Amino acid sequence: MVINALPYIAVLLAMSLLIKPYAEKCPTIGVKQFYLNGARQINYRFMLIILAYIIYIVFSIFRKIEFSGEFNIGGTDAAGYADYFAGAVAPYLEYIKITPMEKGFTTINWILRQFTSSYIFNLLFWHTLTFVLTIKFFQYLKFDKYSIFAGLLILTNLISQFNTLRMSIGIAIGLIVLINLGKKKWLKALTLIIIAITIHNSGVILIPVWIVCLLIDKWNQFPIRKLVIYIGLGIIVSIFAIKIVTIIFASSPKYEFYLGEKSSVAWGTDIAVFAIFVLSILKYREMIEINPFNKILILTLPVCLICIPLQYEISIIYRMTMYFMPVLFALIPSLFKCYSKVRYSVSSIGIKVVLYGYMVFRTYSFFIEEGKYIGLPYVSILF
Numbered sequence: 000m001v002i003n004a005l006p007y008i009a010v011l012l013a014m015s016l017l018i019k020p021y022a023e024k025c026p027t028i029g030v031k032q033f034y035l036n037g038a039r040q041i042n043y044r045f046m047l048i049i050l051a052y053i054i055y056i057v058f059s060i061f062r063k064i065e066f067s068g069e070f071n072i073g074g075t076d077a078a079g080y081a082d083y084f085a086g087a088v089a090p091y092l093e094y095i096k097i098t099p100m101e102k103g104f105t106t107i108n109w110i111l112r113q114f115t116s117s118y119i120f121n122l123l124f125w126h127t128l129t130f131v132l133t134i135k136f137f138q139y140l141k142f143d144k145y146s147i148f149a150g151l152l153i154l155t156n157l158i159s160q161f162n163t164l165r166m167s168i169g170i171a172i173g174l175i176v177l178i179n180l181g182k183k184k185w186l187k188a189l190t191l192i193i194i195a196i197t198i199h200n201s202g203v204i205l206i207p208v209w210i211v212c213l214l215i216d217k218w219n220q221f222p223i224r225k226l227v228i229y230i231g232l233g234i235i236v237s238i239f240a241i242k243i244v245t246i247i248f249a250s251s252p253k254y255e256f257y258l259g260e261k262s263s264v265a266w267g268t269d270i271a272v273f274a275i276f277v278l279s280i281l282k283y284r285e286m287i288e289i290n291p292f293n294k295i296l297i298l299t300l301p302v303c304l305i306c307i308p309l310q311y312e313i314s315i316i317y318r319m320t321m322y323f324m325p326v327l328f329a330l331i332p333s334l335f336k337c338y339s340k341v342r343y344s345v346s347s348i349g350i351k352v353v354l355y356g357y358m359v360f361r362t363y364s365f366f367i368e369e370g371k372y373i374g375l376p377y378v379s380i381l382f
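Under numbering that gives the first Met the number 0, the first residue of the sequence shown is numbered 0, with each subsequent residue one higher.
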């Protein structure tokens, strides 16, 4: 399995190294800035991003994806997406009725299919969108020498897109929601949340994120008591919502079989979220001094815990916790800076060792355990 994962590891490592100089300086590269500044904006960091994009796109879209007997090649869901795209020749109203996917994703696929029958162009569109949104998120982070693993782990969402296409797009949109929450653009953030839900319905977890950030916005100091109260109320609401969610799932052939898989709580994610949240709280002022955007990331993180009661009854709910993984990884570099100020403190050394160990473990588990769902081995299915 390690050998099979090597191409994925190599590509993500290369992308991390190429993106790192860009993330460290956090330049703003947009259409308006490019129009105003012209070629002066094209520095070596921008060129490294372009190179990272080329590597990723070549690696991601030229893959063999097809049904082969009882198996599919390229990922457990990837062949299904290709099959639904090929069937998008039907009239639109008929197509959205027969396609068991969210209407936003289905609509865009149908539009793309009217222009081309090549699935490569469909993959090009979605992978480019996810890459651009992810890089936009990097602009708001403060990375340094501690960041190579954190950056790589955030980029694993791109590789996850090889299989969980809609999910990864929803997560990428969720990252832009956080950016807009940080800018207090509440309406734009809410609009993006609705778009994310139409791509993958797990995006509903972004609604409590929006509510928490909106409620706490008026406090300049960190309102730990208020946040604990809001998260506690959210957990209570999720407990009472179990029956309603179960009825919704039971009425859908697409999700009905998930009802029999209980007690599938993502404890690893929840424990990591809680630990990073506590460490961030203990160094809250320093975290905000390092990067003001950390405030939104810290406020967002404990919302993940709201998913716990629902996961006991419906295993698929664990997917909502995946929206918080990039947030968790994004906070780790700032935590390293905070706990590096006291070099010879036993507690600081211990925390840094645990953080390093966690990132190494997450990297290993992604490629060895989760990687099997993204179409490993890669080399045998290329072209």
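Here a beta-carbon is modelled for each residue, glycine too, at the ideal position from N, C-alpha and C. Model, not experiment: these values are computed from the prediction.
For residue i, the nearest candidate out of the options (CA to CA)
i           : options            : result
residue 225 : 9, 332, 298        : 298
residue 246 : 126, 312, 198      : 312
residue 142 : 15, 212, 265, 181  : 15
residue 110 : 328, 92, 99        : 92
residue 214 : 185, 344, 308, 238 : 185
residue 52  : 274, 17, 62, 7     : 17
residue 329 : 206, 107, 291, 97  : 291
residue 120 : 351, 62, 205, 169  : 62
residue 107 : 124, 117, 96, 99   : 124
Counted within 10 angstroms of its Cβ, other Cβ atoms place residue i as buried (16 or more) or exposed
i           : result
residue 90  : exposed
residue 88  : exposed
residue 115 : exposed
residue 157 : buried
residue 325 : buried
residue 30  : Low confidence applies to residue 30: its pLDDT is 49, below 50, so where it sits in the model is not reliable enough to give any reading.
residue 84  : buried
residue 316 : buried
residue 7   : buried
residue 343 : exposed
residue 167 : buried
Length of the line joining the Cα atoms of residue i and residue j
i           : j           : result
residue 12  : residue 147 : 8 angstroms
residue 183 : residue 285 : 22 angstroms
residue 289 : residue 349 : 21 angstroms
residue 368 : residue 277 : 28 angstroms
residue 28  : residue 137 : Annotation note: pLDDT 49 at residue 28 (below 50); position unreliable, no value reported.
residue 4   : residue 235 : 41 angstroms
residue 364 : residue 354 : 15 angstroms
residue 266 : residue 210 : 24 angstroms
residue 112 : residue 322 : 29 angstroms
residue 279 : residue 101 : 36 angstroms
residue 347 : residue 334 : 10 angstroms
residue 361 : residue 327 : 12 angstroms
residue 293 : residue 60  : 34 angstroms
residue 122 : residue 79  : 13 angstroms
residue 338 : residue 20  : 23 angstroms
residue 402 : residue 159 : The structure shown does not extend to residue 402, since the chain is modelled only from 0 through 382, so no value can be given for it.
residue 229 : residue 283 : 19 angstroms
residue 336 : residue 223 : 22 angstroms
residue 281 : residue 208 : 21 angstroms
residue 216 : residue 270 : 26 angstroms
residue 356 : residue 239 : 37 angstroms
residue 340 : residue 351 : 11 angstroms
residue 205 : residue 345 : 38 angstroms
residue 96  : residue 241 : 27 angstroms
Chain-order list of residues whose beta-carbon lies under 7 angstroms from that of residue i (same chain, five-residue window excluded)
i           : result
residue 203 : 196
residue 366 : 4, 7, 8
residue 287 : 293, 294
residue 227 : none
residue 98  : 83, 105
residue 169 : 195, 198, 199, 201, 202
Nearest-angstrom Cβ-Cβ length linking residue i and residue j, presumed shorter than 8 angstroms
i           : j           : result
residue 304 : residue 272 : 7 angstroms
residue 178 : residue 139 : 6 angstroms
residue 191 : residue 176 : 5 angstroms
residue 332 : residue 149 : 5 angstroms
residue 319 : residue 201 : 5 angstroms
residue 309 : residue 244 : 6 angstroms
residue 162 : residue 77  : 5 angstroms
residue 56  : residue 126 : 6 angstroms
residue 54  : residue 10  : 6 angstroms
6 angstroms CB neighbourhood of residue i in its chain, flanking five on each side removed
i           : result
residue 171 : 129, 132, 133
residue 104 : 165, 198
residue 180 : 188, 212, 295
residue 34  : Low local confidence applies: a pLDDT of 49 at residue 34 is under 50, so the model's placement there is unreliable, and no value is given.
residue 237 : 305, 308, 309
residue 268 : 320
residue 118 : 81, 84
Contact set for residue i: own chain, Cβ-Cβ below 8 angstroms, skip 5 residues either direction
i           : result
residue 135 : 174, 175, 178
residue 94  : 86, 87, 105, 109
residue 46  : none
residue 50  : 17
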